[in-house]
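Protein chains in written order, with our numbering: chain C, 1 to 282; chain F, 283 to 564.
Even glycine gets a Cβ: it sits at the ideal position worked out from N, Cα and C.
Bear in mind the structure is a predicted one, so any value in this text is a computation, not a measurement.
Number of protein chains: 2
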Amino acid sequence: MTGFTEDTSAETVLARLSECPDGRLSEVMSSVIRHLHAMVKEVEPTQEEWMTAIRFLTEVGQMCDERRQEWILLSDILGVSMLIDAINNRKPAMATPSTVLGPFHVEGAPELPLGANISRTDKGEPLLVSGRVLDEAGRAIAGAELDIWQTSPDGFYDVQQPDEQPAMNLRGRFRTDKDGVFHFRSIKPCSYPIPTDGPVGKLLTGMGRHPYRPAHIHFIISADGYESVTTHLFVEGDEYLDSDAVFGVKDALIVPFVLHPADDGAEAYYTVENDFRLCTAS
Amino acid sequence: MTGFTEDTSAETVLARLSECPDGRLSEVMSSVIRHLHAMVKEVEPTQEEWMTAIRFLTEVGQMCDERRQEWILLSDILGVSMLIDAINNRKPAMATPSTVLGPFHVEGAPELPLGANISRTDKGEPLLVSGRVLDEAGRAIAGAELDIWQTSPDGFYDVQQPDEQPAMNLRGRFRTDKDGVFHFRSIKPCSYPIPTDGPVGKLLTGMGRHPYRPAHIHFIISADGYESVTTHLFVEGDEYLDSDAVFGVKDALIVPFVLHPADDGAEAYYTVENDFRLCTAS
Numbered sequence: 001m002t003g004f005t006e007d008t009s010a011e012t013v014l015a016r017l018s019e020c021p022d023g024r025l026s027e028v029m030s031s032v033i034r035h036l037h038a039m040v041k042e043v044e045p046t047q048e049e050w051m052t053a054i055r056f057l058t059e060v061g062q063m064c065d066e067r068r069q070e071w072i073l074l075s076d077i078l079g080v081s082m083l084i085d086a087i088n089n090r091k092p093a094m095a096t097p098s099t100v101l102g103p104f105h106v107e108g109a110p111e112l113p114l115g116a117n118i119s120r121t122d123k124g125e126p127l128l129v130s131g132r133v134l135d136e137a138g139r140a141i142a143g144a145e146l147d148i149w150q151t152s153p154d155g156f157y158d159v160q161q162p163d164e165q166p167a168m169n170l171r172g173r174f175r176t177d178k179d180g181v182f183h184f185r186s187i188k189p190c191s192y193p194i195p196t197d198g199p200v201g202k203l204l205t206g207m208g209r210h211p212y213r214p215a216h217i218h219f220i221i222s223a224d225g226y227e228s229v230t231t232h233l234f235v236e237g238d239e240y241l242d243s244d245a246v247f248g249v250k251d252a253l254i255v256p257f258v259l260h261p262a263d264d265g266a267e268a269y270y271t272v273e274n275d276f277r278l279c280t281a282s
Numbered sequence: 283m284t285g286f287t288e289d290t291s292a293e294t295v296l297a298r299l300s301e302c303p304d305g306r307l308s309e310v311m312s313s314v315i316r317h318l319h320a321m322v323k324e325v326e327p328t329q330e331e332w333m334t335a336i337r338f339l340t341e342v343g344q345m346c347d348e349r350r351q352e353w354i355l356l357s358d359i360l361g362v363s364m365l366i367d368a369i370n371n372r373k374p375a376m377a378t379p380s381t382v383l384g385p386f387h388v389e390g391a392p393e394l395p396l397g398a399n400i401s402r403t404d405k406g407e408p409l410l411v412s413g414r415v416l417d418e419a420g421r422a423i424a425g426a427e428l429d430i431w432q433t434s435p436d437g438f439y440d441v442q443q444p445d446e447q448p449a450m451n452l453r454g455r456f457r458t459d460k461d462g463v464f465h466f467r468s469i470k471p472c473s474y475p476i477p478t479d480g481p482v483g484k485l486l487t488g489m490g491r492h493p494y495r496p497a498h499i500h501f502i503i504s505a506d507g508y509e510s511v512t513t514h515l516f517v518e519g520d521e522y523l524d525s526d527a528v529f530g531v532k533d534a535l536i537v538p539f540v541l542h543p544a545d546d547g548a549e550a551y552y553t554v555e556n557d558f559r560l561c562t563a564s
């Protein structure tokens, strides 16, 4: 027997996985142990720094409840959520790329007819969203579902403001017509900060980073026989496109929101047009 | 601008540290980000596995309260606590090696005269502990303090059983005499499981590991002009010496606990003798 030493610490811990009955758990924990020990050797934390880390990790869990998931937020700001999204959604270049789901999706948004308005208040700048859902060869997919959600003009989702916004405000599900076309009305989304009142917000500030996400509309697009895609459309020109707090931006998802100025009879409004391309399910 | 990709994920996140005002935080987070992304790329977690990890990490924090620190326990069973201890306590070969403090040290244990018994009940097998505290050259250190604690014969520390054990049971502080000698009475310690009713216990079981620590007595030894050492003495022959759940064992800390069988007039008892060697403070 040899005792625990700094040089062989990872190997000593790894050897204890020899009786692990679960092959996948053994594979995962082996990677965790190797990287954790390598990181500690690189950083050489003092005992005080280690206690600071223990306190931080504890607080992240204790900030979580039914409405708040601070560990997902930590995964988001370290780019881990986007990396896992990328690994699980490798697609050909022509397909619409995926991005993070985020914490504000709600199952069962109302099914609405094409052309309906998902805004249930009179706030915000009017917006028309339109486009087509296509297959790999550019052919229309009829009956594809688009599940859509976005923030209010104040930068909050309905579920964050149950007393101030009507339920299901700025959420809806639409189906493409026989030509693969969808269109609906909404308001122009705005950039907004992720929650900063917890330990993850403090870490973000400590690292000299801002908490903003560039303005976007969320989409989950699905159709029988195709792979679903969870994605956003980002507003071209937004000041946070290069520094999204959660790293969600991909070039192909940045689209112009075109302003149509107020005219004699009509108020100003925006239009955005985008075709989504799905891959055939494998 | 280029968007987030699987290949460049770590570099994209690292680039955001450029405005970090705290050099040490930047160094630590840079190592965290690099190893975290490398680990995710190695493991390629599914979205479901990632959610399992998020739930586990959340539960570890939510298991913590004033009496329980599940994150330290996780650090312990992954060998991280021992690695940080090793990094912060590099000593010459002749010095008594350190090992983990553990969660059960209590400040202000009673100061007792040499020869006193730290057991405040009549349970357990009697033990005499003795030895010397020496410097690097093997010279006696007079007036060195030994802060000592251990479990009851049932495998619990007094603070774990406030209703069943007297306060400060099996705790005491002693000072070496002019020849550097200490001696006190106690009971033979026993091996015991770390807490298994939380997420860390489930992980340990999932990895096919047992939760036991080999029997030991804790010591913090300090003297003016010398570096303090936090360590254990382990009972030679204990069945868990090769598989301590928290990796605390070092060869130099395993010592024989010698049985002296019952005689006509006297009950059986154990003796253990060990000299500790401190380094001069730098």
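Buried or exposed for F:His542, going by 16 or more other Cβ atoms inside 10 Å?
With fewer than 16 Cβ atoms within 10 Å of its Cβ, F:His542 is classed as exposed.
List the residues of chain C whose Cβ lies closer than 7 Å to the Cβ of F:Trp332, in chain order.
Correct list: Ile84.
Specify the secondary structure class of C:Met1 as computed by DSSP and reduced to three states.
Note that C:Met1 scores 46 on pLDDT, short of 50, meaning its location in the model is unreliable; the coordinates nonetheless yield the value given after this. DSSP places C:Met1 in coil when its eight states are reduced to three.
Residue-level contact to chain F via CB, C:Ile87, 7 Å cutoff
C:Ile87 counts as touching chain F.
Confirm, please, whether the CB-CB distance from F:Pro493 to F:Pro471 is below 7 Å.
Contact annotation: F:Pro471 and F:Pro493 have beta-carbon atoms that are not nearer than 7 Å.
Alpha carbon to alpha carbon, what distance is there between F:Ala449 and F:Met433?
The displayed chain sequence assigns Thr, not Met, to residue 433 of chain F. The C-alpha of F:Thr433 lies about 13 Å from the C-alpha of F:Ala449.
Starting from the Cα of C:Gly3, find the closest Cα among F:Leu307, F:Gly361 and F:Leu318 and give me that residue.
When C-alpha distances from C:Gly3 are compared across F:Leu307, F:Gly361 and F:Leu318, the shortest belongs to F:Gly361.
Cutting at 7 Å between CB atoms, please list the residues of its own chain near C:Phe104, excluding the five before and the five after it.
Answer for C:Phe104: Trp149, Tyr157 and Val159, listed in chain order.
I believe F:Arg512 touches F:Ser380 by the beta-carbon criterion, under 8 Å. Please report the beta-carbon distance rounded to the nearest angstrom.
It is worth fixing the name first, because residue 512 of chain F is Thr in this sequence and not Arg. The C-beta distance from F:Thr512 to F:Ser380 rounds to 5 Å, short enough to fall under 8 Å.
For F:Asp533, would you say it is in contact with chain C, using Cβ-to-Cβ distances shorter than 7 Å as the test?
Closer than 7 Å to some Cβ of chain C, the Cβ of F:Asp533 qualifies, so yes.
Note down the Cα distance separating F:Pro408 from F:Gly488, rounded to an integer number of angstroms.
If you draw a straight line from the Cα of F:Pro408 to the Cα of F:Gly488, it comes to about 38 Å.
Looking at C-alpha atoms only, which residue of C:Glu145, C:Glu267, C:Ala262 and C:Val235 is the closest neighbour of C:Phe276?
For C:Phe276, the nearest C-alpha among the options comes from C:Glu145.
When you compare each of F:Thr553, F:Pro392 and F:Asp436 to F:Gly454 by their alpha carbons, which one comes out closest?
Looking at the Cα atoms, F:Pro392 is the closest of the given residues.
Going straight from the alpha carbon of F:Ile240 to that of F:Asp429, what length do you get?
This structure gives no information on residue 240 of chain F, because the portion of chain F shown stretches from 283 to 564.
Could you check whether the Cβ of C:Gly198 sits closer than 7 Å to any Cβ belonging to chain F?
Not one chain F Cβ lies under 7 Å of C:Gly198.
Measuring alpha carbon to alpha carbon, tell me which of F:Tyr551, F:Val388 and F:Gly462 ends up nearest F:Lys256.
Only positions 283 to 564 of chain F appear in the structure, and residue 256 of chain F is not among them; the question remains open.
Beta-carbon proximity list for F:Glu288, same chain, < 6 Å, skipping 5 on both sides:
Excluding its 5 nearest sequence neighbours in each direction, F:Glu288 has no C-beta neighbour in its own chain below 6 Å.
F:Asp417 versus F:Ala335 - alpha carbon distance
So the alpha carbons of these two residues sit roughly 48 Å apart.
Please report the straight-line C-alpha distance between F:Phe529 and F:Leu355, rounded to a whole angstrom.
A straight line joining the alpha-carbon of F:Phe529 with that of F:Leu355 spans about 12 Å.
Beta-ladder partner(s) of C:Val246, from DSSP
Residue pairing by DSSP places C:Val246 in no beta bridge whatsoever.
So with CB distances below 8 Å, who are the chain C contacts of F:Ser357?
Those are Trp50 and Ile54, listed as they occur along chain C.
Going by DSSP, which residues form a beta bridge with C:Trp71?
None; C:Trp71 has no bridge partner.
Are the C-beta of C:Val229 and some C-beta of chain F separated by less than 7 Å?
Chain F contact via Cβ: absent.
Ordered along the chain, which non-local residues of its own chain (more than five positions away) have a Cβ less than 8 Å from that of C:Tyr226?
Apart from sequence neighbours up to five positions away, the residues of its chain that approach C:Tyr226 with a beta-carbon distance below 8 Å are Asp135, Ile141, Ala144, Leu278, Cys279, Thr280 and Ala281, ordered along the chain.
Go ahead and label C:Ser302 buried or exposed: buried means 16 or more other beta carbons lie within 10 angstroms of its beta carbon, across all protein chains shown.
This structure does not reach residue 302 of chain C, given that chain C is present from 1 up to 282, and the question cannot be answered.
What first and last residue would you give for the beta strand (DSSP E) that runs through C:Leu14?
Element bounds for C:Leu14: not the beta strand (DSSP E) but the alpha helix (DSSP H), Ser9 to Ala15.
Could you spell out where the alpha helix (DSSP H) holding C:His105 opens and where it closes?
First-last for C:His105: undefined, no H or E at that position.
As a quick exercise: from F:Ser308, F:His465, F:Gly519 and F:Phe338, pick the residue whose alpha carbon is nearest that of F:Pro395.
Cα-wise, what sits closest to F:Pro395 is F:His465.
Nearest residue (CA-CA) to F:Asp533, options F:Leu296, F:Ile366 and F:Asp524
Comparing C-alpha distances from F:Asp533 to each of F:Leu296, F:Ile366 and F:Asp524 shows the shortest one belongs to F:Asp524.
Alpha carbon of C:Met1 to alpha carbon of C:Phe219, nearest angstrom
Any reading at C:Met1 must be qualified, since the residue scores a pLDDT of 46, below 50, and its modelled position is unreliable; the value itself is stated next. Pairing C:Met1 with C:Phe219, the inter-Cα distance amounts to about 58 Å.
How big is the Cα-Cα spacing for C:Arg139 and C:Asp244?
Distance between the alpha carbons of C:Arg139 and C:Asp244: 33 Å.
Hey, could you find the ends of the alpha helix (DSSP H) F:Val310 is sitting in?
Taken as a continuous stretch (DSSP letters only), the alpha helix (DSSP H) holding F:Val310 covers Gly305 to Val325.
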